[in-house]
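Residue numbers (this note's numbering), protein chains in the order written: chain G, 4 to 393; chain B, 370 to 657; chain D, 27 to 286; chain X, 506 to 804; chain P, 361 to 608.
A short write-up of the structure that comes next.
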Amino acid sequence: ATPTAAPTQAPVTQETAGGDAPVIAQPKGEILIGNLQDESGGMKALSSALTYAATMKIEEVNAAGGINGRTLKLVTYDTRSDVNEAINALRRMVEQDKVPVVLGPPIANIGIAVAPIAEELKVPIVGLFMDDKCTIQENGEPWTYMFLAQDSATYQGLTMAAYAIQELGVKKVAILYNSSNSYSVGLATPFEEAILKSGGEIVAKETYTGTDKDFRAQLTKIKSANPDVIYFPSYPVEIPLIYTQAYELGIKVPMLGSNSVPPTGLAPSTDPAATTNTFYPYGINPSDPVLVDWAAAYKAKFNSPALAQSFSGADAFGIILQAIEACGDDITSVCITEKLNTMESYKGFQGTVKLSPDTHQPIGLPLAIMTIKDGAPEFVTWYTPEGPAK
Amino acid sequence: MTFYITVAISIAISSIAVLGTFMLTGMNGLFSLGQAAFMGLGAYATAILVVNYGLPFPLAILIAIALAISLAFFVGYATLRIRQDFFALATFGFGQAMIALLTETVTITGGAMGFSNIPRLTSPALAFISLAIAIFFVWGFRRSHFGKDSLAIRSNELAAEVEGINAFKHKMIVFVISAGFAAYAGALMAFHISYVEPATYGWILSVTWIIIVFFGGRDSLTGTVIGAIILLAAPEALRFTTAWRILVYCVIILLIINLRPRGLFGTWEISLKPFLRFFKSKKQQEAK
Amino acid sequence: MEKAIVIDMKNLTKKFGGLCAVNDFTGHVKENQIIGIIGPNGAGKTTILNMVSGIYPPTQGEIIFKGKDISKLAPFQINHLGIARTFQNIRLFQEMTVLETIMTAYSWRAPYHFLETFVSLPRVARFEKETKEKCLHWIEKVGLGNEAHSITQSLPYGMQRRVEIARALASEPTVLLLDEPGAGLNQSEIHDLVDLIQGLFTELSLSIMLIDHRMDVIMRLCEWIYVQDFGKNISQGTPEQIQKDPIVIKAYLGEEIINA
Amino acid sequence: MGVPMQFSIILQQVVNGLSLGAVYALIAVGFALIFNVLKFSNFAHGGVLGISAYAGYIAANQFKLPLIPVILVGMVTGAILAVLVELIAFRWIRLQKGQLVYFFVTSVTMLMLLEQVLIIRFGASFESYPYTLVKVRVLQFGDVTISVTYLLSLISTIIAFSGLIYVLKKTKIGIAIRAASNDLTATSLMGINVNMVIIAAFIVSGMLGGLSGVLYGISASLSPQIGQIVVKGFIASVLGGLGSLTGVAVAAVVLGVLEVFLISTIGSGLSPVVIFLLMVVFLLVRPHGFAGVSFSDKA
Amino acid sequence: MLEIKNLHSGYNKIEVLHDINIKVPDGKIVVVIGRNGAGKSTLLNTISGLVKIKSGSIEMNGQKIPSAPHKIVASGIIQVPEGRRIFPSLTIAENLIMGGYLASNAEMNVRKEEVYNTFPILCQRENQQAGTLSGGEQQMLAMGRGMMAGPKILLLDEPSLGLAPLVFTQVFELIIKLNKERNMTIILVEQNATIALKMADYAYVLENGCVVIEGPGEELIKDARVKAAYLGAAVKTLKEPSPREYLE
Ligand SMILES: Nc1ncnc2c1ncn2[C@@H]1O[C@H](COP(=O)(O)OP(=O)(O)OP(=O)(O)O)[C@@H](O)[C@H]1O
Ligand SMILES: Nc1ncnc2c1ncn2[C@@H]1O[C@H](COP(=O)(O)OP(=O)(O)OP(=O)(O)O)[C@@H](O)[C@H]1O
Ligand SMILES: [Mg+2]
Ligand SMILES: [Mg+2]
């Protein structure tokens, strides 16, 4: 049952000419937008960032009178980061609540798992699942209904490899990653390939799994391999631990991280001394005053600092809204999908995003390389796999 | 396929695995924290055989079950003779090892990314009929002398041994069957949701099945099946409680087990006798 | 005609850590014979029974059953050979009825494979039915006719002992090991018990090894008695000899034999 | 491996292993108290540990308390929680004479429940103890470094462990706790208030849980799933052997050292496989665990 | 003086004891005999607070005894339960400490000496796990554990169960000694009725949860009905008269 307000009319389901699945349409009343997130599982922190960002956007838009005079409503279902639950939730929000578009989770496994379901249900999903498999099928064609609103893991891995080789001038590289985490694996693999391709050497490749919190054994081993740099694409929980433990073991080489380092930096929880020599990428430049203001409002509202996923999540949601707006009165899954494919550009926190119709991923969106000074994040430069961005 | 059918299929498939746990933990008092790993094994093995090697689905399932059974035999052989908590520990270790294997053999399994693009071959009929057959199997097993042997071993293994029951063999049979159930459920599940990843099959899932068995009543097959349906449907049914749903789910379990320590159904079983009698009397009437 | 030896225990020794519970025990049971083992508490009587029934492997020595060394066999294998026992501390199955308990003793004779339970072949049901009848017979025999469907745990102590005996009998043994069947019974119940054992003994031509502290039981039933003390055999003989043996009186019976 | 490992690296790995073992040992001893005494695997211990870790975090972060009071806050929270767990999850079943297996079931449910409490309250953001809580974080011995939080775990384990052994072996209440584990009815016939004895056991275990929660929280940062580390306690308790806390502590340390050893040789990925195989072999060779007393029930 | 008045008790829905009236004067030995399942253990358990009273009362010196088992023990009533119920994983010494849980250390040491003097084997095996003791040894331990509490009233539930004849005599001598020398009040449930009745100051016969015969010990020994049912008289053909007849 849809808990919609009085003016809402029952959504209409039309049969398309050829396909077997109905087109989801919302001709009148409130516009429902699905939100497939983890609310009770291990990835809640990342998922909440998207929910919060979307909530802020919706309030903004509704306060300004909605889109084309229609207010928006988020239909959030919990996935518990479990693919089976995610599939059920997606079906439920599409079939029962008739949402014509869905904000997807920041978790690759769920992205991969729901891609064929989205295809079946013919409902577009815009999300932060960074793995290529989420948006591109095995035959190289994009999944019709899956869209990524930030740089892919491959793109990020390549960028960091390029930065390491070209800007830091390293040769011997060590990698430490979580082999049971798709995000971590998704970043480490292209990074490693790029390093090898550009003549670098992988002197140590260490993994950890699941809930590991102690990386001393791996770091000690890495230390003994004498690398020039350590790349560790990890989740936010692990990042401060790796910094601290590497520091405690006397590792002095630069540490290359991933976009999971919170934009507010690691202080006060991490000894600033442990993070003096580090670089990590970002979709945004958090020192941009617009973003600083937005982050402050975000923190005030949700009592939780904005994460990288908050910013890119806001962009993902913004892209959805722009597509909805472009559809005018024709709020159907078909129209929204088409508009997503043909969207010229979306001006968001990450810059100007244009989704490629071939990959359903942003085209050439540069990454901000960040460093940490005295415990505070600092912007260094915009970078792409091809080198510094113009 | 609509939402409700999809959910129903998931529940039916998981119930098959729960039935395995019912035999192992409910009837025989053996706690396996690695049951879910057998499910994972079944899921991956079938998926790989069908997708990568083009084997027919039924054959792949059979091979997967055979694989699970042989592994269960190995684990059981080493641990079923010794203390029961060792069995729990060894199966826990087995589960972790299985997940590690699935995660590390990236070229075959896809590792942490999971294994995707599995054709959806599990039809509703297949799922529901499989569950019905599984129930029938457990029912028959329990009704035969194996059912009584199970209880005897569960309550006093030494006395059972002394009166001629080969407890080790019995436990092995039960363990192997339950692993087969889990593997079969895994195969169906993989071809139902068309995607598998290693993380799904951790010890928590095994424990969830154990909880379901005790929730429904470890001495009641009816209770286990109904308990499975209730608890497997609960996360979906509780969606209105939003982020609180798993908490509410836990509270319900605690309440039931506290208030009815022998489970929702205790030792009660649905009996088919009244039905049979009803039909018989009808036939007789017709004959007259 | 000399009766054949059924169980031959040769130099049995059992050590628990530093404690020598049974020290070099040699003895035998013959066909259709009741022997008794008596001795002070902790003398190692139960331990001997435990070794014969396969619960503990002997530290040293061997147990020959009809020419076969059984000292390394598992309890269930020994049971299959035809040796059944009862326990001193009653060990019944929780939550099972008397009938169910006794039926489990037949399980191992079931002619079907576990896969057959799946297709529920008629012989599965037939076996169950036959077993049930046989078990009801045993239940009747030990005088629990009215209690077949009671949960064993809710029965009083004396009846639980009978359930144990019935369970042992249901194994259709040739040798029965009874560990203090008379404990917790009053004199008139003891009387019935003696009659019961005597009856079973003649009717089924059993060989019986009996442990008890009730001299009325031992003396009335046993043909030959072994007396153990601190793990060692201190005497053996017929009841008359034992009753008069000063060593036994000193170590075990005490000056006045109560109620013998 | 081409280059032979330098000696200091090996030494460092040994220290790493012992440190990890010390953390596991502290968790395991708290877990083993209930496991050995009340004879069931109390996974709710993980939940207690998790919530105490967050309680300590609030004390340190919001109220800016120094280390010792933070630890005390954690221990008190742990004790209170453990008692609550006993009242909510176990007491009622015990009164109805439910079997031990039910305690296992409710304890896991309780672990999930407490984890959900943390997810609902703290799940949306990442928290960690202020790094200033422990002033000196590492001790340096030549090339080898030792983390101070681990050292704290080690010291706490030793203190808690010897304290526990003393209490259980030498004090009346300790013996009563063990007696209660054998036979509740007979214990009450000794004039012992059984409920109080069990509460006492849970308080002690809860305090240990709280202590390990805070220390583990400091060294491992916080997440609602932090309590799942309790499985290490479970492993150590079983391997250690029923009835022997010493065995449990040894098993925990061995587990830590083994994990580090495997990571530094075959890598973390496949080490669970090796651990599983070793576990099976060990159980076959030593069916009574590391120090398990060979107490078999007598026929 | 312990007085049980119109006591009804039992388990859940089943009432086992019906309208029991028993008086136990201070310093006396009161014996309760009866068939298996007559309710003897239930009676002792009701006194100890393990089984809930359904109606009626148990009074000590005119005062109702408390209801929680551990409080009843504190008021001086100790039960040595049927089937020993020693703590198998504790050592013998620890079992004894548990017996003297409420006593002071000094008292405990004195009593422990006594127990060890009475049962020397317990002293030798002080540090053995009680679970590995033989049946009879466990019974001695259970008796010893009961003595540790220094009770005013000792409830003994079949103390001779599984004891070798020699020890058996010792145990009964001990009971008499405790009664005569310590002036301990004793309620004894025993299957070996002859001996029990010989030492009884007063005895009750329970049948199906009712007191059917009562009287001084020697009188009951001579009672033909008691003889037939409990003393293993040879004449088994004799039809047992209904209990009602005794009451008149
Ligand atoms: N599993 C065991 N571990 C250690 N010691 C044991 C074990 N089983 C028996 N013992 C010891 O062996 C000795 C003999 O025990 P056993 O039970 O055979 O005596 P018993 O002759 O049957 O005595 P009772 O007449 O009292 O039953 C005892 O001292 C007992 O403590
Ligand atoms: N926990 C219980 N639940 C239900 N019924 C019980 C329970 N314990 C005993 N009974 C029943 O209460 C009745 C009296 O038992 P009780 O143990 O008091 O007998 P008893 O006179 O001590 O017999 P025995 O000589 O065998 O020790 C019996 O019919 C028994 O079945
Ligand atoms: Mg014995
Ligand atoms: Mg009794």
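Positions of the beta carbon are idealized from the N, C-alpha and C atoms, including for glycine.
Quiz item: Is the stretch 528-548 of chain B touching the stretch 131-147 of chain D in the sense that three or more CB pairs, one from each, lie closer than 8 Å?
Solution: yes
Practice problem: Please confirm whether residue 126 of chain G and residue 105 of chain G have their CB atoms less than 8 Å apart. | Solution: yes
Quiz item: Measuring from the CB of residue 495 of chain P, is there a heavy atom of ligand 3 at a distance below 7 Å?
Solution: yes
Quiz item: Relative to the alpha-carbon of residue 209 of chain G, which residue among X:615, X:773 and X:786 has its alpha-carbon at the smallest distance?
Solution: X:773
Quiz item: Which residues does DSSP pair with residue 145 of chain G in a beta bridge?
Solution: G:139
Quiz item: Along chain B, which residues have their Cβ under 8 Å away from the Cβ of residue 134 of chain D?
Solution: 533, 534 and 535
Practice problem: Give the secondary structure of residue 377 of chain G by DSSP, where H, G and I count as helix, E and B as strand, and everything else as coil. | Solution: coil
Quiz prompt | Pocket of ligand 2 (residues with CB nearer than 5 Å to any heavy atom), chain order | solution = D:180, D:182, D:183, P:371, P:376, P:396, P:397, P:398, P:399, P:400, P:401 and P:402
Quiz item: residue 91 of chain D and residue 33 of chain D: beta carbons closer than 8 Å?
Solution: yes
Quiz item: Interface residues of chain G around residue 343 of chain B at Cβ under 8 Å?
Solution: Outside the modelled stretch of chain B, which goes from 370 to 657, sits residue 343 of chain B, for which no answer is possible.
Practice problem: Could you please give me the residues that DSSP links to residue 180 of chain G through a beta bridge? | Solution: G:210
Quiz item: Which residue from G:275, G:322, G:188 and G:344 puts its Cα closest to that of residue 355 of chain G?
Solution: G:322
Exercise. In the DSSP assignment, find the beta strand (DSSP E) that holds residue 250 of chain D and state where it starts and stops.
Key: 250-255
Quiz item: What alpha helix (DSSP H) runs, 4 residues minimum, are completely inside the stretch 446-478 of chain B?
Solution: 453-473 and 475-478
Quiz item: So does residue 550 of chain P have its beta carbon nearer than 7 Å to some heavy atom of ligand 4?
Solution: no
Quiz prompt | Per-residue contacts from residue 239 of chain D into chain P (C-beta, under 8 Å) | solution = 496, 522, 523, 524, 525 and 528
Quiz item: chain D beta carbons: is any one of them nearer than 8 Å to that of residue 493 of chain P?
Solution: yes
Self-check item: Where the alpha helix (DSSP H) containing residue 545 of chain X begins and where it ends
Solution: Where residue 545 of chain X is concerned, there is no enclosing alpha helix (DSSP H), given that its DSSP letter is neither H nor E.
Exercise. Report all residues from its chain with a CB closer than 7 Å to the CB of residue 471 of chain B; omit the five preceding and five following residues, and keep chain order.
Key: 409, 413, 478 and 567
Practice problem: Could you tell me if the beta carbon of residue 114 of chain D falls within a distance shorter than 7 Å of some heavy atom in ligand 3? | Solution: yes
Quiz prompt | Contacting residues, own chain, Cβ-Cβ under 6 Å from residue 390 of chain P (five flanking each side not counted) | solution = 384, 547 and 562
Quiz item: Can we count residue 492 of chain P as close to ligand 3, meaning its CB is less than 7 Å from some heavy atom?
Solution: no
Quiz item: Hey, is the stretch 572-579 of chain X in contact with the stretch 509-524 of chain X, meaning 3+ C-beta pairs nearer than 8 Å?
Solution: no
Exercise. Give the straight-line distance between the Cα atoms of residue 792 of chain X and residue 451 of chain B, rounded to the nearest whole angstrom.
Key: 7 Å
Practice problem: Please confirm whether any heavy atom of ligand 1 lies closer than 7 Å to the CB of residue 70 of chain D. | Solution: yes
Practice problem: Return yes when the C-beta of residue 561 of chain P is under 7 Å from any heavy atom of ligand 4, and no when it is not. | Solution: no
Exercise. At 7 Å on the CB atoms, spell out the chain D contacts of residue 590 of chain P, in chain order.
Key: 212, 213 and 214
Quiz item: What does residue 481 of chain X reach in chain G if we use C-beta pairs closer than 7 Å?
Solution: Because chain X spans 506 through 804 in this model, residue 481 of chain X falls outside it and cannot be assessed.
Exercise. Flag residue 41 of chain G as yes when its Cβ comes closer than 7 Å to any non-hydrogen atom of ligand 4, and as no otherwise.
Key: no
Quiz item: Which residues mark the beginning and the end of the alpha helix (DSSP H) in which residue 226 of chain D is found?
Solution: 213-230
Exercise. Just grab the DSSP bridge partners of residue 584 of chain B for me.
Key: In the DSSP output, where bridge partners are listed per residue, residue 584 of chain B has none listed.
Quiz prompt | 8 Å Cβ cutoff, residue 518 of chain P in contact with chain C | solution = Within the model displayed, chain C is absent; protein chains G, B, D, X and P are what it includes.
Exercise. Could you tell me which residues DSSP pairs with residue 392 of chain P in its beta bridges?
Key: P:549 and P:564
Quiz prompt | For residue 57 of chain G and residue 349 of chain G, the rounded distance between their alpha carbons | solution = 16 Å
Quiz prompt | Backbone secondary structure at residue 561 of chain B - three-state DSSP | solution = helix
Quiz item: Between residue 380 of chain B and the rest of its own chain, which residues show a CB-CB distance below 7 Å, the 5 nearest in sequence each way excluded?
Solution: 598, 601 and 602
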